Amino acid sequence: MSDPDLEAMTDLPVHARERLADMRAKKLFTSDLSVNEFVLVREAGFEPVGMVMGTSIYQVAARTPSGSKGQELVETTRALYHARELAMNRMEEEAQALGADGIIGVRLTVNLALDPSRQHWQRYRIWQQWARRIGFRRPQTITPRTGYFAQWPQLADTQWRQWCTAQGWATIPLAPWAQPVGKASYSFGPNTAEFIAIGTAIRHREGEHYRNKAGKPFQSDLSGQEFWMLIRAGYRPVGFVMGNCVYYVPPALLRAPDNASVELSEYTHALYDARELAIERLQDEAEALDATGIVGVTVAEEQHSWRTNPWNMGNAALQSGEVIELFVIGTAVVPMAAEGAPLGRPILVRTANDPIVVAREGGE
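Counting along the sequence shown from 1, when you hit position 134 you're at 154 in the working numbering, and nothing is skipped either side.
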C-alpha cells in the first residue's frame with residue numbers, strides 16, 4: 021500500500037498513521053502472540069505484520085423506560101453496537117494499512133466510566149462490616165439517608181487509628197476501605213464508556229488471498245493455535261461477527277412471593293427473548309459474509325440498574341428495574357477450496373512445564 025493510501029485513512033489519528041508507515045518501512049512487527057502461537061501461525065503459512073487496534077469513546081444516553089412489560093431498548097442497543105463497530109472498523113483500517121490478510125486474537129473490551137457514588141457506597145459497606153466485627157457501634161447520625169453520610173470517612177479513620185494503636189502497631193497501615201475498590205477506570209463522564217479492539221494482523225507468505233468478500237482483512241478472536249487448527253481442518257475465517265440486545269425488565273417482574281419457590285416466568289422469557297435477538301443478529305452478520313458457520317461463540321451478560329442514591333445501591337433494581345445487555349460474538353468461517361493437511365488423531369499430552377498448584381487454607 022502506498023503512502024497516499026495511508027494518508028487517505030483520515031479516521032486514524034496522525035500518530036497511528038506514522039506508526040503504521042514506520043512499521044511498513046522497517047519490516048518490524050509487534051504482536052501479542054505467545055511463542056507457541058507465533059510458531060503455529062508461521063506453520064499455517066502466515067507472518068504477523070503488526071499489532072492493530074481501534075477505539076471509540078461513546079456516550080450512551082440513559083433513559084428510564086415506562087411500562088409494566090419487558091422491552092428492548094432499541095436506541096441503547098444501537099448505540100452500544102455502533103460504538104463497538106467504530107472500534108472494530110478502525111482496527112480493520114490499521115490492518116489494511118499494513119497490507120494484512122486478516123486479524124487474529126481480537127479482544128473487544130469496554131472501560132466503563134467510574135461511578136463515584138457506587139465506589140463511595142462500596143467503601144462504606146467495607147467499613148460497616150469491619151466496625152461490626154471489631155465491636156465499634158456506628159452512631160445513629162451516620163446513616164446513608166442523612167446529610168451526615170459524607171462524614172463517615174472521618175469517623176472510620178478515627179476508629180481505625182484507635183484499633184491499630186490498641187494492637188501495638190508502630191505505624192498505621194492503610195485501612196481496608198481505603199484500598200482500591202473494583203476495577204480501575206477512567207473518569208470519562210456520566211454514561212460514557214471506551215470501547216477498545218486489539219488484535220494481531222497477519223499476512224500469507226505466498227500472497228494467497230484470504231480477505232473477505234468485501235476485499236478487507238478478516239477479523240477473528242481465534243488464538244494462534246485455534247487459527248492453525250482451523251486452517252489444517254480446511255476452513256478459513258471470514259470475519260468477527262457480533263450481535264447484541266439491551267433489554268429492560270421492570271420491577272414487577274423481579275418480585276416473587278417471600279415464602280414460595282416459583283419460576284419468575286416473565287423474567288425468564290425476557291432474558292430468553294433478549295438472547296434470541298442477539299443471536300439472530302450474530303447470524304445475520306455471518307450470512308452477510310457468506311459464511312457457512314460460526315465457531316467460538318460466546319455469550320456475555322451485563323446487568324445495570326439506575327442507581328442514583330447511595331442508600332439505594334443494593335435494591336435499586338426492585339424500584340427502577342434492571343437493564344440487561346446480551347452480547348454475542350464469534351468467528352464466521354467458510355470451507356477452503358482445497359482441504360488442509362489431515363489433522364491426525366488427537367492424543368492426551370501433559371507437558372513438563374505445567375504450573376504447580378499449591379494448596380491453600382483459609383479461603384481464596
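The beta-carbon is built from N, C-alpha and C at its ideal position, and this holds for glycine as well. All values derive from a computational prediction rather than experimental measurement.
Distance between beta carbons of residue j and residue i, contact taken as under 8 Å
{"i": "A107", "j": "F238", "result": "So it is not a contact: roughly 17 Å between Cβ atoms."}
{"i": "I123", "j": "T220", "result": "7 Å"}
{"i": "P257", "j": "L242", "result": "6 Å"}
{"i": "D31", "j": "R110", "result": "6 Å"}
{"i": "Q245", "j": "L60", "result": "6 Å"}
{"i": "Y267", "j": "I344", "result": "5 Å"}
{"i": "N232", "j": "G254", "result": "Actually they do not touch by this definition, with Cβ atoms about 18 Å apart."}
{"i": "V457", "j": "T96", "result": "Residue numbering for the chain in the displayed model covers 21 to 384; residue 457 lies beyond these limits and cannot be assessed."}
C-alpha gap between residue i and residue j, whole angstroms
{"i": "I222", "j": "R44", "result": "13 Å"}
{"i": "L128", "j": "A217", "result": "5 Å"}
{"i": "S86", "j": "I299", "result": "26 Å"}
{"i": "W172", "j": "Y144", "result": "8 Å"}
{"i": "A99", "j": "R152", "result": "44 Å"}
{"i": "P270", "j": "Y292", "result": "15 Å"}
{"i": "A320", "j": "Y101", "result": "14 Å"}
{"i": "P33", "j": "E113", "result": "11 Å"}
{"i": "R370", "j": "R252", "result": "23 Å"}
{"i": "L118", "j": "R225", "result": "14 Å"}
{"i": "A276", "j": "Q149", "result": "28 Å"}
{"i": "S240", "j": "G125", "result": "6 Å"}
Where residue i falls: helix, strand or coil (DSSP)
{"i": "F156", "result": "coil"}
{"i": "Y292", "result": "helix"}
{"i": "R370", "result": "coil"}
{"i": "Y230", "result": "coil"}
{"i": "V72", "result": "strand"}
{"i": "Q239", "result": "strand"}
{"i": "R252", "result": "helix"}
{"i": "I222", "result": "strand"}
{"i": "V61", "result": "helix"}
{"i": "G244", "result": "helix"}
Beta carbon of residue i nearer than 8 Å to that of residue j
{"i": "A352", "j": "A311", "result": "yes"}
{"i": "W147", "j": "A190", "result": "no"}
{"i": "I154", "j": "W183", "result": "yes"}
{"i": "C265", "j": "A308", "result": "no"}
{"i": "V261", "j": "L302", "result": "yes"}
{"i": "G263", "j": "E305", "result": "yes"}
{"i": "S88", "j": "A272", "result": "yes"}
{"i": "A103", "j": "S76", "result": "yes"}
Legend entry - Validate contact between the region 34-54 and the region 64-80 using beta carbons, cut 8 Å, 3 pairs: The region 64-80 and the region 34-54 touch, with three or more beta-carbon pairs separated by less than 8 Å.
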